[in-house]
Amino acid sequence: MNYLARIREMGSKANPFFGLMGIEVEHAGEGEAIISMTVRPDMLNGEGWLQGGVFTALADEAMVLAIYSLIGPDDRIATITESTTFIGGSREGCLYALGKVVKKGRRVVFAEGEVRDGARAGPLLSRSTAAFAVRAGHRT
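Every letter in the sequence shown is one number past the one before it in the numbering used here, and letter 126, counting from 1, is 126.
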């Protein structure tokens, strides 16, 4: 059973980070995924803004779920490179991360992720791009 199948079966219990951060999976399928998270005071930096790594982590998780919706049940992925551009900040409220596969090759998948404020089509806060290696047929 791959990561996405475990998420569908167990919910956030399949990923301890989801439980820690309060991340909910809204959708994952056909090369796209949407997750959400409510910003809490303990996630803010010393200036009172959501710590930047949280934006990257949200986009990363959305991209990963999007990829797992397209690869085989025994395939696994590993990040090759990832870059995030920070466009806006957040202090509170619900954030949505949208991940999508841009190009899927046999061994490498390229994906994009966005974090938006308040709604799936809300103001753009960050944009990430990443490349992932596909390791075919690896069981966990």
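For each residue, glycine too, the CB sits at the ideal point set by N, CA and C. Computed from a predicted model, the values in this text were never measured in an experiment.
- Counting along the chain, the unbroken beta strand (DSSP E) around Gly-113 starts and ends at 108 to 117.
- Contact between the segment 17 to 37 and the segment 45 to 53 is absent: fewer than three C-beta pairs spanning the two stretches fall below 8 angstroms.
- For Met-37, the uninterrupted beta strand (DSSP E) run begins and ends at 32 to 39, by DSSP.
- For Val-115 and Val-134, the gap between their C-alpha atoms comes out near 24 angstroms.
- In the DSSP assignment, Gly-11 falls outside any beta strand (DSSP E) and carries neither an H nor an E.
- For Gly-93, the uninterrupted beta strand (DSSP E) segment begins and ends at 93 to 104.
- A direct Cα-Cα distance of roughly 32 angstroms separates Leu-125 from Arg-106.
- The Cβ-Cβ distance between Phe-132 and Val-109 falls below 8 angstroms.
- With fewer than 16 other beta carbons inside 10 angstroms of its own, Ser-83 counts as exposed.
- In the DSSP annotation of this structure, the continuous segment of the beta strand (DSSP E) that includes Ala-78 starts and ends at 76 to 86.
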